[in-house]
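K.L.:
Residue numbers (my numbering): 29 to 101.
Idealized CB from N, CA, C, for every residue including glycine.
Next up is a structure, given as structure tokens.
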């Protein structure tokens, strides 16, 4: 989630925070994160959306064999 301490958003900003959840197919950790983001954003009234590696692979820069969270090498 965006906070005033993050680059691009000052403490005096009038922009509303948003959350973008980056996921990949068949990822159990992504499913866990989705549930948390959905609950927290729902409680706070913060808009959020999900972007999959299938939809926007350029956001992830993943190469075959690259280390990924939750994946043992």
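Please report the distance separating the alpha-carbon of residue 59 from that of residue 44.
P.N.:
Taking the chain shown and counting its residues from 1, one reaches residue 59 at position 31. Taking the chain shown and counting its residues from 1, one reaches residue 44 at position 16. For residue 59 and residue 44, the distance between alpha carbons rounds to 25 angstroms.
K.L.:
Compute the Euclidean distance between the alpha carbons of residue 72 and residue 46, then round it to the nearest angstrom.
P.N.:
Locating residue 72 in the chain shown gives position 44, where the first residue counts as 1. Locating residue 46 in the chain shown gives position 18, where the first residue counts as 1. So the alpha carbons of these two residues sit roughly 11 angstroms apart.
K.L.:
Rounded to a whole number of angstroms, what is the C-alpha to C-alpha distance between residue 55 and residue 42?
P.N.:
The residue given as residue 55 occupies position 27 in the chain shown. The residue given as residue 42 occupies position 14 in the chain shown. Cα to Cα, residue 55 sits roughly 35 angstroms from residue 42.
K.L.:
With H, G and I counted as helix, E and B as strand and the rest as coil, what does DSSP make of residue 43?
P.N.:
Within the chain shown, numbered from 1, the residue matching residue 43 stands at position 15. If DSSP states are grouped into helix, strand and coil, residue 43 belongs with coil.
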